[in-house]
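If you're matching positions, the sequence shown starts at 1 in the UniProt record's numbering and goes up one per residue.
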Amino acid sequence: MNKITNAIGSLFRKITTSNNQVHPPNDAARIDMSRENSIKEAEQDSKRMTIQDLIKYEERVGKSDYEVMEESIKTVSVDPDAKKHFEGFGWIKGVLMRCVLCIFGATLFLRMSWIAGQIGIVLGTGVIVLSLVIVVLTAISMSAIVTNGEVKSGGCYYLVSRSLGPEYGGAIGLIFYIANIVNAAMNCVGLAEDIVFKNYLPVIFDGGINDIRIYAGAICTILQAIIFIGTEFENKTQLLLTVSIIISLISHFVGTVMPSTPSQLLSGISGYSLSTFTGNLWPDGHNRETFIAAFGVFFPAMTGIMGGANMSGDLKDPSKAIPKGTMWAIVVTIITYFWCMIVTAATTVRDADCVTPPFDADGNYVMPDCVFNSTCKCGLANDFTIMAQQGAWSPLITLGVIATTLSSASGCLIGAPRVFQALCADKLYPGIFFFAKGHGSNNDPFRAYFLTYFAAMAVIGIGELNPIAELITLFFLAAFAITNFSTFDATLAKAPGFRPTFKYYNKWLSLIGAILCVVTMFIMNWWESLGTLIIFIVLFMYLKYNKTDVNWGSSTDANRYRKALIGLIKIARQSEHVKNYRPQVLVLSGNPAARQALVDFAHSITKGTNLLVCGHVIPYTSSVAATECIRKLNDRYTDWMREQKIKAFYCGVAHTSLREGVQMLMQAVGLGKMQPNILLIGYKDQWRTTLKDEPKNYIEYTGVIADAFEANMSLCIFRNGDQGLDHSAMYANNDENLFIQLPSEMLADSALHDDMSRGIARRNVRPKAMATPKRIASNSNMNKLDVASSLSLPMSVGRNTSESMSASKHAKATVAGKNLRYRSRFPSGFVDVWFTYDDGGLTFLLSHLLTSRSSFLENGKLRFFTICSRGADAEAVRDNLQLMLKKFRIPHREVFVIIEAERDLYQETVDEYETSIADINDDEIRVSDEVLERCHKRTHAVLRQREYLLEHSSASSFIITTLPVAAADIVMSPLYMLWLQLLSEELPPMLFVRGNHSSVMTYYS
């Protein structure tokens, strides 16, 4: 005992005097939980003093608390090399301009007049307002996320992944990246179509699709070359494009106030006219497009609001720049779009035939004949080039179209690689980390640039992109929906860590934004929306089940905690009912890895749907050092259980007394009504040796049993045949084991460490027992029971140091097989339940759970045995027991009623018992005659049941029997352990069960 205490004490001192946690060698990859951010946080923590250091710091160093605080603040300083790096853009150049240029597209000059002509000013305003609501809600949600801490590179992906978690972020990040690639290609193709069809440049091949591919590829190449030069140079080109767009808009406005030319009159341009304005207020009902169709045309332009967020890594202060720049960009662009629609609708009629002016002498609109046969080619509803015709100088409008198209394409080509770079750096998908490498002071993703460029060129090769244009819009809407949901989920979780400095958000507005995005998706195109949803789900499920090894403190985790806490509080307030009874097990496993067989067996009962706690009493004086070490052990064993797919909790306590340590566990483990109601312990194989050599440890063990009875707690004792449960030796010399840094003494509890049977392998069946006459009064077929082969694994005999290395490896493999015995199903066999006392139904319930799904006995066939006194009606007892099992809905193979034999016990049984008593009392009286006389009837019943067990259950796969109950002094005497030994020795694995006599099952629904 002193050796154990000293060894563990040295371990505790080693751990608590070091700033570094003790980690197993194979945990290196697992410790790096959140990539660069987590590494920086770990470095920050390592610089921060521990409480113990702080207490003695002033004495050792002679510094006051204020000086210590100043040093702590310095650790949160900026990177000393930051001045050498690119400082980043402000909110105007980095966000406002980029968002404006991404939002402004060809729609501004080519489609706003068309929308007014198709659905009228009122509904057109509705399209703009609906789009405004969606993007404003999304921008508000995005602003809340970006102001909740420092924002790194990655844009939409970074925001979602750090908020909702890697599954959501990884799925939407890849979709968002693909959407940006295709969007860039579409803008290049759109500009190329305008060049080819209007003959701005000479024909190269056919003046059709091939020329479009050539020009679009050239445009994409030029834009990518500009981006390769650097973001600062690219930003200067964006400034040039902005000036071009402003000049185009001014040209258009000036043109609208100028008198209409004859050619403009032929196109239906009347100049500012109240009658023209009122005539365009509402739809005219002449086979026009619907509101949804017009929305589908306009909304893709608004997807550019993420343009600034995509460049989050290039901003001086993303938390300030993104909200401010994005909001102002929305205001500027919405006003511009609305202004263009109103101006064109107030100056141009819906339809004209391009042959004669559709006006009378007084300037009133005269509807042309082409309206009735839908052949009009001019007017708001038919001609996309109205704004170009209205401009003071048409080439300036064309310049605006080119500028908006190039700016949108450029925004996608520079933003998409940065999103992908961040995605690759997090290693969520295999084989893409190559593209995470950046170059230069700005960490430019050149590799991702190349990938994006070639991907865009491949899309351009398609030539005709209209079929997938709507799908890309749906991809962007999906990203918006997830962004809104991220803020809603983070707010709903009410985590203290969610403290955005942007205060103008509301969780319900975010939820409305998410719903609007999803509804809009399905209104636009339900089957493409379904396809988008399927793609997202596939990526989400891949990341979820691929067990991405990152931890970003997501709102998903925060919500999980909140829901668990609320659930625990609700459970604590509700009254208990027998129908809702659940076996909540506290298993005294010690080190779970050393007794994995016991833990796996307990997990077969709880199955991950009931509470399972692995209790560990560490033989060390309770102290601060012990508390610190237990915390580290808790992390280790929790990781181990997760790797082994065991859904359980680990709870360790430090105490020099096993019994008092278990009392602490029984008193403290659990929350509210989520407290263990069953104590499961392993059978102590070497109890006789312990009784003689370490009597104190024996008393500790039996005291645990007595305390469980006294605490009115259900008790189960599991004996693993003759193979034992403690396989600490398996880990003692294994350099690759998870627990190599712990001393061997710590691999087991002080009073339970010698639980493994040693020596010669014992026989499984008592020879005479099988040959004796049958003693079952209920069934004539009992002598025809199938004899299943024993499942007991052979015990490895102790090996001396002269044996070969291969033999040693074989021994370890054998022990490992025993330790993992209950992780796989047993072959089909009998599971015998010996029901000798009604304990509230726990014996029935556990037998059902052990033979149901997800258990090593899933294929087992239940047989129930009960023992009756002489003169009992065996048929009536059997019928009653079968009826009870039927009402309890427990499937079973057969019920056997054994009538006590009139004969005496077998002499072999008597000799075995007397020899055991003599061995126990060989050097001193440990079981007095008074105790033997007092328990004579109980002992006789145990010996009689042993004979029945040997006769009928020695070939079964598993046995469940009622645990004898007795007064505390009897339980703590060697006689009680002798009872358990006689009931289970030379038999298959056995579970002793004793409920607390409260009902755990009911007949009623």
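Quick reminder that beta carbons are idealized off the backbone N, C-alpha and C, glycines included.
Look at the alpha carbon of residue i and the alpha carbon of residue j, and state the distance between them as a whole number of angstroms.
i	j	result
lysine 507	alanine 479	17 Å
proline 385	phenylalanine 536	The displayed chain sequence assigns threonine, not proline, to residue 385. About 38 Å.
alanine 648	methionine 641	7 Å
arginine 111	threonine 303	16 Å
methionine 1001	valine 669	24 Å
glutamine 390	valine 122	22 Å
tyrosine 449	phenylalanine 433	14 Å
isoleucine 678	serine 714	5 Å
valine 538	lysine 152	27 Å
arginine 213	glutamine 644	55 Å
glutamate 986	phenylalanine 826	19 Å
alanine 171	threonine 290	33 Å
cysteine 156	threonine 452	17 Å
isoleucine 605	serine 998	19 Å
asparagine 148	glycine 307	20 Å
leucine 611	glutamine 723	27 Å
phenylalanine 830	threonine 843	16 Å
arginine 595	serine 847	22 Å
What does DSSP give as the partner residue(s) for residue i in the beta ladder?
i	result
cysteine 370	None; cysteine 370 has no bridge partner.
cysteine 378	Ala352
threonine 866	Val897
alanine 616	The identity of residue 616 in the sequence shown is histidine, whereas the question assumes alanine. In DSSP, histidine 616 forms a bridge with Gly652.
leucine 680	Val587 and Cys716
lysine 645	Looking at the DSSP assignment, lysine 645 forms no beta bridge with any residue, so it has no partner.
lysine 861	Phe830
residue 1006	Because the chain spans 1 through 1005 in this model, residue 1006 falls outside it and cannot be assessed.
tyrosine 365	Phe359
threonine 483	Answer by DSSP bridge pairing: none, since threonine 483 is not bridged.
histidine 439	Asp444
leucine 842	Its beta-bridge partners do not exist; DSSP assigns none.
leucine 671	Met674
Please check the pair residue i and residue j, which I expect to be a contact at CB under 8 Å, by giving their CB distance rounded to whole angstroms.
i	j	result
glycine 117	leucine 380	3 Å
arginine 946	leucine 991	So it is not a contact: roughly 16 Å between Cβ atoms.
valine 653	isoleucine 618	7 Å
leucine 680	cysteine 716	5 Å
glutamine 942	proline 964	Note that residue 942 is valine in the sequence shown here, rather than glutamine. That belief holds up - the Cβ atoms of valine 942 and proline 964 are roughly 7 Å apart, short of 8 Å.
leucine 658	tyrosine 620	The pair is not a contact, with the Cβ atoms about 12 Å apart (cut-off 8 Å).
histidine 892	arginine 863	7 Å
alanine 216	cysteine 188	4 Å
arginine 688	isoleucine 920	7 Å
isoleucine 523	isoleucine 175	That pair is no contact at about 20 Å.
threonine 483	methionine 142	6 Å
Since residue i is in the beta strand (DSSP E), which residue starts that stretch and which ends it?
i	result
glutamate 894	894 to 899
threonine 548	No beta strand (DSSP E) holds threonine 548; DSSP gives it neither H nor E.
threonine 690	Not the beta strand (DSSP E): threonine 690 falls in the alpha helix (DSSP H), residues 687 to 693.
isoleucine 269	No beta strand (DSSP E) holds isoleucine 269; DSSP gives it neither H nor E.
isoleucine 305	Counting along the chain, isoleucine 305 falls outside any beta strand (DSSP E), and DSSP gives it neither H nor E.
threonine 909	Not the beta strand (DSSP E): threonine 909 falls in the alpha helix (DSSP H), residues 907 to 920.
threonine 347	Taken as a continuous stretch (DSSP letters only), threonine 347 belongs to no beta strand (DSSP E), being part of the alpha helix (DSSP H) at 318 to 347.
phenylalanine 958	958 to 962
Just to confirm the assignment, what range does the alpha helix (DSSP H) spanning residue i have?
i	result
histidine 952	936 to 952
phenylalanine 233	231 to 257
isoleucine 890	No alpha helix (DSSP H) holds isoleucine 890; DSSP gives it neither H nor E.
arginine 659	658 to 668
alanine 966	Looking at the DSSP string, alanine 966 is not in any alpha helix (DSSP H), and its letter there is neither H nor E.
serine 999	Counting along the chain, serine 999 falls outside any alpha helix (DSSP H), and DSSP gives it neither H nor E.
tryptophan 393	Segment: none, tryptophan 393 is in no alpha helix (DSSP H) and carries neither H nor E.
Beta-carbon of residue i versus every beta-carbon of chain D: anything under 8 Å?
i	result
isoleucine 214	Absence of chain D from the displayed structure is noted, only one protein chain being present.
Query raised in the report: Within the chosen definition, does the stretch 327 to 334 reach the stretch 248 to 267 through at least 3 CB pairs nearer than 8 Å?
Result: no
Requested in this report: May I ask you to verify whether the stretch 160 to 172 touches the stretch 314 to 321, counting CB pairs closer than 8 Å and requiring at least 3?
Outcome: no
**Report entry** Touch test, the stretch 230 to 246 against the stretch 365 to 380, Cβ-Cβ under 8 Å, three pairs minimum
**Finding:** no
Query raised in the report: Taking contact to mean at least 3 C-beta pairs separated by less than 8 Å, is the stretch 489 to 497 in contact with the stretch 196 to 213?
Result: no
Query raised in the report: Is the stretch 513 to 533 touching the stretch 217 to 225 in the sense that three or more CB pairs, one from each, lie closer than 8 Å?
Result: no
Query raised in the report: Are the stretch 411 to 423 and the stretch 441 to 448 in contact at 8 Å, needing three or more beta carbon pairs?
Result: yes
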